[in-house]
Amino acid sequence: MSSAEPNTETETFNPWTVVNLVFGHLSDHGLHPVLGEAGDPAVPAAALLRAFGIEPGRNDETVASPNVQDTLSEIRQRMLGEPKE
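Numbering of the sequence shown is given in our numbering, commencing with residue 29 and proceeding in unit increments.
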C-alpha cells in the first residue's frame with residue numbers, strides 16, 4: 029500500500045504491547061518506570077494508538093498472558109533484582 033492510498037481496513041494493536049515496548053525502552057535507557065502508581069498505562073497507550081490512526085485491540089496478548097508475564101518478570105529481575113517467578 030502506498031502512502032497515497034487510503035487505508036480501508038481498520039488496523040488494530042494491543043495497547044499493552046505499547047506499554048511493554050515503552051517500559052522496556054525506558055528501562056534500557058537507565059530510567060525506572062513503575063507500573064500502576066500513576067494509573068492504568070493501557071489508557072494513554074490506547075490514546076496514543078488512536079492518535080496514530082490505529083484502533084486499540086488484539087486481546088490475544090493481554091497483561092495476563094504468559095508471554096507478557098514472562099517479559100515483565102525479566103524486566104523486574106533486571107531492574108529490581110527480583111528472582112524470576
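For each residue, glycine too, the CB sits at the ideal point set by N, CA and C.
Is residue i helix, strand or coil when you go by DSSP?
i	result
P69	coil
G109	coil
On the DSSP bridge list, what partners appear for residue i?
i	result
E102	Paired residues: none, contrary to the question.
F41	P84
G58	According to DSSP, G58 bridges with nothing at all.
G64	G67
Do you know whose CA, among the options, lies nearest residue i's CA?
i	options	result
N48	E37, G81 and V62	V62
E39	I82, Q105, M107 and E102	I82
Q105	V71, S55, A75 and S93	S55
Pop quiz: residue i and residue j are said to be a contact at Cβ under 8 Å. What is the actual Cβ separation, rounded to whole angstroms?
i	j	result
H57	M107	About 12 Å separates the two Cβ atoms, so there is no contact after all.
P43	A66	At roughly 15 Å, the Cβ-Cβ gap does not stay under 8 Å, so P43 and A66 are not in contact.
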